[in-house]
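Number of protein chains: 2
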Amino acid sequence: MHVDGNRIVEIGPPREADVTIDALGKALLPGFVNTHTHAAMTLFRGYADDMELQSWLSAKIWPAEARLTPDMAYWGTKLACLEMIKSGTTSFNDMYFFMDHAARAVDEMGIRAVLSEGFIDLFHEDRAEEELRKTRTAIDRISSMRNPRITPAVGPHAVYTVSESSLRALRAMADERACPFHIHVSETKGEVEGARKDHGKTPAAYLDAIGVLGPRVVAAHSVWLEEAEIATFARRGVAVAHCPVSNMKLAVGRAMPLAAMQRAGVTVSLGTDGAASNNRLDMFESMKMAALLHKFAADSATVAPAAEVFDMATRGGARALGLDAGSIEVGKLADVILVDLHRPEMTPSHNLVSNLVYAATGDCVDTVICDGRVVMEGRRVRGEIEILAKAGEIAANLVGGAS
Amino acid sequence: MHVDGNRIVEIGPPREADVTIDALGKALLPGFVNTHTHAAMTLFRGYADDMELQSWLSAKIWPAEARLTPDMAYWGTKLACLEMIKSGTTSFNDMYFFMDHAARAVDEMGIRAVLSEGFIDLFHEDRAEEELRKTRTAIDRISSMRNPRITPAVGPHAVYTVSESSLRALRAMADERACPFHIHVSETKGEVEGARKDHGKTPAAYLDAIGVLGPRVVAAHSVWLEEAEIATFARRGVAVAHCPVSNMKLAVGRAMPLAAMQRAGVTVSLGTDGAASNNRLDMFESMKMAALLHKFAADSATVAPAAEVFDMATRGGARALGLDAGSIEVGKLADVILVDLHRPEMTPSHNLVSNLVYAATGDCVDTVICDGRVVMEGRRVRGEIEILAKAGEIAANLVGGAS
Numbered sequence: 170m171h172v173d174g175n176r177i178v179e180i181g182p183p184r185e186a187d188v189t190i191d192a193l194g195k196a197l198l199p200g201f202v203n204t205h206t207h208a209a210m211t212l213f214r215g216y217a218d219d220m221e222l223q224s225w226l227s228a229k230i231w232p233a234e235a236r237l238t239p240d241m242a243y244w245g246t247k248l249a250c251l252e253m254i255k256s257g258t259t260s261f262n263d264m265y266f267f268m269d270h271a272a273r274a275v276d277e278m279g280i281r282a283v284l285s286e287g288f289i290d291l292f293h294e295d296r297a298e299e300e301l302r303k304t305r306t307a308i309d310r311i312s313s314m315r316n317p318r319i320t321p322a323v324g325p326h327a328v329y330t331v332s333e334s335s336l337r338a339l340r341a342m343a344d345e346r347a348c349p350f351h352i353h354v355s356e357t358k359g360e361v362e363g364a365r366k367d368h369g370k371t372p373a374a375y376l377d378a379i380g381v382l383g384p385r386v387v388a389a390h391s392v393w394l395e396e397a398e399i400a401t402f403a404r405r406g407v408a409v410a411h412c413p414v415s416n417m418k419l420a421v422g423r424a425m426p427l428a429a430m431q432r433a434g435v436t437v438s439l440g441t442d443g444a445a446s447n448n449r450l451d452m453f454e455s456m457k458m459a460a461l462l463h464k465f466a467a468d469s470a471t472v473a474p475a476a477e478v479f480d481m482a483t484r485g486g487a488r489a490l491g492l493d494a495g496s497i498e499v500g501k502l503a504d505v506i507l508v509d510l511h512r513p514e515m516t517p518s519h520n521l522v523s524n525l526v527y528a529a530t531g532d533c534v535d536t537v538i539c540d541g542r543v544v545m546e547g548r549r550v551r552g553e554i555e556i557l558a559k560a561g562e563i564a565a566n567l568v569g570g571a572s
Numbered sequence: 170m171h172v173d174g175n176r177i178v179e180i181g182p183p184r185e186a187d188v189t190i191d192a193l194g195k196a197l198l199p200g201f202v203n204t205h206t207h208a209a210m211t212l213f214r215g216y217a218d219d220m221e222l223q224s225w226l227s228a229k230i231w232p233a234e235a236r237l238t239p240d241m242a243y244w245g246t247k248l249a250c251l252e253m254i255k256s257g258t259t260s261f262n263d264m265y266f267f268m269d270h271a272a273r274a275v276d277e278m279g280i281r282a283v284l285s286e287g288f289i290d291l292f293h294e295d296r297a298e299e300e301l302r303k304t305r306t307a308i309d310r311i312s313s314m315r316n317p318r319i320t321p322a323v324g325p326h327a328v329y330t331v332s333e334s335s336l337r338a339l340r341a342m343a344d345e346r347a348c349p350f351h352i353h354v355s356e357t358k359g360e361v362e363g364a365r366k367d368h369g370k371t372p373a374a375y376l377d378a379i380g381v382l383g384p385r386v387v388a389a390h391s392v393w394l395e396e397a398e399i400a401t402f403a404r405r406g407v408a409v410a411h412c413p414v415s416n417m418k419l420a421v422g423r424a425m426p427l428a429a430m431q432r433a434g435v436t437v438s439l440g441t442d443g444a445a446s447n448n449r450l451d452m453f454e455s456m457k458m459a460a461l462l463h464k465f466a467a468d469s470a471t472v473a474p475a476a477e478v479f480d481m482a483t484r485g486g487a488r489a490l491g492l493d494a495g496s497i498e499v500g501k502l503a504d505v506i507l508v509d510l511h512r513p514e515m516t517p518s519h520n521l522v523s524n525l526v527y528a529a530t531g532d533c534v535d536t537v538i539c540d541g542r543v544v545m546e547g548r549r550v551r552g553e554i555e556i557l558a559k560a561g562e563i564a565a566n567l568v569g570g571a572s
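Protein sequences, first through last, are from chains A and B.
If you read the first sequence in this note's numbering, its first letter stands for residue 170, the second for the next number, and so on.
If you read the second sequence in this note's numbering, its first letter stands for residue 170, the second for the next number, and so on.
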């Protein structure tokens, strides 16, 4: 494979080049696209596990998040990028706070991201105004970086935390600025019941009724989607970010309706969710968990086969984020990885895709190239020691302040 | 921690020793005990995934197994031991074929194992006699090695593949030779329905009625156990080997009744199952999957918390196999591991046990000590390159012969 600039220009035998990488004993694959995470929540990894969602948020996460600073968001995002690079992810779709600082981290780490400032107004007009200002500022600042790897987006948290007028305003802002739209949809049964009560509609039906659904919307989770909503997603071109690890860990109550989405032609991609609800930003693990969860839930060992799940993590993700990537083809973005095959869990080599989905983890990744540039080689990433030290220290202080 | 011979003799600050290991930045933990696997099935890893259990066995696994030779079992077991060492497992409970050759592999690799010759007579008297002879020979040969790390066992496959007289004969053999007893119990609903039809009883009730249950029995899976059978297991001292990854991948239909077993006081341990139905012999992954599966199945994020699952994988496993191991205590066997904490997924360090269960994989293991001897240091295991080459070649030939 030959790369010129940031594109794959030829697939063929070795020829002269400025940089040559020896891939003997390794598999060349598209980098993974993680379509739902909260990168800087790496700072909360392991801080509050095995708790119910509501007490987890109110007793642990929100008080700590209230103390979050731009510098913390920057280092938390650096740590997340480091972990994602080391497990073969070249693009991610993020929603969190201080996103201009997150953008600086992504810029330095060399991978690709769609960054949305998490928007929560809790139906207060004053807060809505303040939040709209924050989103606008984040988009302005990120745009002014003019980094082709980094795309600003709008990120209304969910229908139970964002008012209708704010959702409409964010839709207008996304249209005006040509931005993607990132939102949690129907993660829990409670969310669906709440929407029926408050809006007389299920979350996706409500979002469609107020005109915010469209081709560049990524709907995270979508666990409790009904048939009619799935049809709406297909019609509107909404992509789903399926987060199997998070859904199981937080006990959302069922498996998302994968088969129905596939039948309807909805783009399904995979996300890790944040490190507080997973706690590992490894797309290999999310692939295996997706394959296993749907087999278990459907009572059939043949559903969600390896090739299908691998496709969700690569092509599906690229489609969801509108990236010209996700496969090794001439003309595509050079977002690729090399996976080491000389490992016990990758032996024997009866079936590469089976080994990738069911046996590998991110530790099998040897080399990562994003936008035509090497960001990891031989598992070495520039700045790793400093990132671990700084992020570890910041996380300890952030949480220590809570006690 | 100080080790003398094969035991932990002191827990305290460094002092003079023949061998000193620097554990700075690492966590000292008990090695994992994998209580259900078919080690040499590493040769079939990725060979036939995403298939229904019965067609998988009859079209793929059985024809290939018919061509298995002692040499293949030896190399397949070497590969499994290598993978288990590299993911922190120091003891495993195995059931497969040519177990005297598997024993040679375990002897060389330096870890601990309970080895049972897989016994299937399909209710044919001739075959039963032949199988009993094989089991007796395996026990004799393994015993004659006089390796304190290796314990021979009896391994009747299941109630639907082994006759009552053979089950009774194996119980007598286990008593006579003081051997553990390893059997699959109630893995699928079909197995339970079959037992009701054939024996008028559920599998565990039937096994108890014919007198084979007792303190050194490990019952793999036990997914469909009913309340009365759980009480029987508790009364008889039967330990369960829970295999969450395999259960989900093969879609066994429900989560095993963990809470009921815990209430009844049944010893619950963790197994990976074989590489054909998992496909990774990594106890870290099995811990996470256990924690997630039970949260998902019970609709509660608080069940199967990290500490409980970690205990199943260490103390529970040691209890199941009757090993004086599973914790770092003076007098216990020196079966311990060092886990590297300077890694992105282990940062920050709010909670070590949460990080181990939810964020780590076997790749975090740096050093493995079994029976007081170092079997891995700095992730280097003696003979790795040869094992990967030989096992890979043998597996390709074994399966190539099928087409």
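Beta carbons: idealized from backbone N, C-alpha and C, even for Gly.
Query	Result
What does B:F465 touch in chain A if you count any residue whose Cβ is under 7 Å from its own?	M417, A420
Using the Cα positions of B:M430 and A:D191, report the straight-line distance between them to the nearest angstrom.	53 Å
Quick check: is the beta carbon of A:N524 nearer than 8 Å to any beta carbon in chain B?	yes
What are the boundary residues of the alpha helix (DSSP H) that includes A:C348?	From DSSP, A:C348 is part of no alpha helix (DSSP H); its letter is neither H nor E.
Output, in chain order, the set of chain A residues within a Cβ distance shorter than 9 Å of B:R449.	K457, E514, Y527, A528, A529, T530
Report the rounded CA-to-CA distance for B:E507 versus A:R310, giving the unit in angstroms.	Before going further, note that residue 507 of chain B is Leu rather than Glu in the sequence given. In a straight line, the C-alpha of B:L507 is about 45 Å away from that of A:R310.
Determine contact between the segment 469 to 480 of chain B and the segment 511 to 530 of chain A, defined as no fewer than three beta-carbon pairs at a distance below 8 Å.	no
Against A:L222, what residues of chain B qualify as contacts under a CB-to-CB distance less than 7 Å, listed in chain order?	A470
Flag A:E252 as yes if its beta-carbon sits less than 8 Å from any beta-carbon of chain B, otherwise no.	yes
Do B:H326 and B:G363 have their C-beta atoms closer together than 8 Å?	no
Should A:L376 be flagged as near chain B, meaning a C-beta pair shorter than 8 Å?	no
Consider the Cβ of B:P474: report whether some Cβ of chain A lies at a distance smaller than 8 Å.	yes
Mind pulling the chain B residues with CB within less than 9 Å of A:K144?	Beyond the ends of chain A as shown, which are 170 and 572, falls residue 144 of chain A; an answer cannot be given.
Between A:K247, A:T238, A:V172, A:D173, which lies nearest to A:E555 when the distance is taken from Cα to Cα?	A:K247
Per the DSSP calculation, B:V421 is bridged to which residue(s)?	B:V421 pairs with nothing; no bridge assigned.
Taking the alpha helix (DSSP H) that B:H368 falls in, what are its first and last residues?	358 to 368
Quick one: Cα of A:G440 to Cα of B:V283, how far?	40 Å
I need the straight-line Cα distance from B:V543 to B:V537, nearest angstrom please.	6 Å
Which whole-angstrom value is the C-beta distance of B:A388 and B:V354, which I expect to be below 8 Å?	4 Å
Pairing CB atoms from the segment 264 to 271 of chain B with CB atoms from the segment 193 to 211 of chain B, are three or more of them under 8 Å?	yes
On the premise that A:S469 lies in contact with B:A577, defined as a C-beta separation below 8 Å, what is that separation, rounded to the nearest angstrom?	For residue 577 of chain B there is no data in the structure shown, the boundaries of chain B being 170 and 572.
Could you say which of A:G491, A:A466, A:M220, A:E185 lies nearest to A:R423 if we only look at CA atoms?	A:A466
Taking only the alpha-carbon atoms, compute the straight-line gap between A:G541 and A:E553 and give it to the nearest angstrom.	21 Å
What residue does the alpha helix (DSSP H) around B:I280 start on, and which one ends it?	It is not in any alpha helix (DSSP H) - B:I280 carries neither H nor E in the DSSP assignment.
A:I180: buried (16+ other C-beta within 10 angstroms of its C-beta) or exposed?	exposed
Confirm, please, whether the CB-CB distance from A:S335 to A:A584 is below 8 Å.	Nothing can be reported for residue 584 of chain A: it is not among the residues displayed for chain A, which extend from 170 to 572.
Tell me which residues of the segment 489 to 521 of chain B have at least one Cβ-Cβ distance to chain A shorter than 9 Å, keeping chain order.	H511, R512, P513, E514, M515, T516, P517, S518, H519, N520, L521
So with Cβ pairs under 8 Å, would you call A:D442 a contact of chain B?	no
Please identify, using Cβ separations under 7 Å, the residues of the segment 538 to 567 of chain B that lie next to chain A, in order along the chain.	L557, A560, G561, A564, A565
If you measure from the beta carbon of B:V414 to each beta carbon in chain A, is any gap under 8 Å?	yes
Step through the CB atoms of chain A and report whether any lies within less than 8 Å of the CB of B:A571.	Its pLDDT being 43, under 50, B:A571 is placed unreliably in this model, and the coordinates cannot settle the point.
Using C-beta distances below 6 Å, list every residue in its chain close to A:D504, excluding the 5 sequence neighbours before and after it, in chain order.	G200, T259, A494, C539
Closest to B:R404 by C-alpha separation, out of B:G383, B:N416, B:A410, would be which residue?	B:G383
Which residues, taken in chain order from the segment 264 to 284 of chain A, show a beta carbon closer than 7 Å to some beta carbon of chain B?	none
Cβ-heavy atom distance between B:A196 and the ligand FAD below 7 Å?	Ligands are entirely absent from the displayed structure, and the ligand FAD is therefore not among its contents.
Applying the criterion that 16 or more other CB atoms from any shown protein chain within 10 Å of the CB defines a buried residue, is A:T442 buried or exposed?	Position check: residue 442 of chain A holds Asp in this sequence, whereas Thr was assumed. Looking at its Cβ environment, which holds 16 or more other Cβ atoms inside 10 Å, A:D442 is buried.
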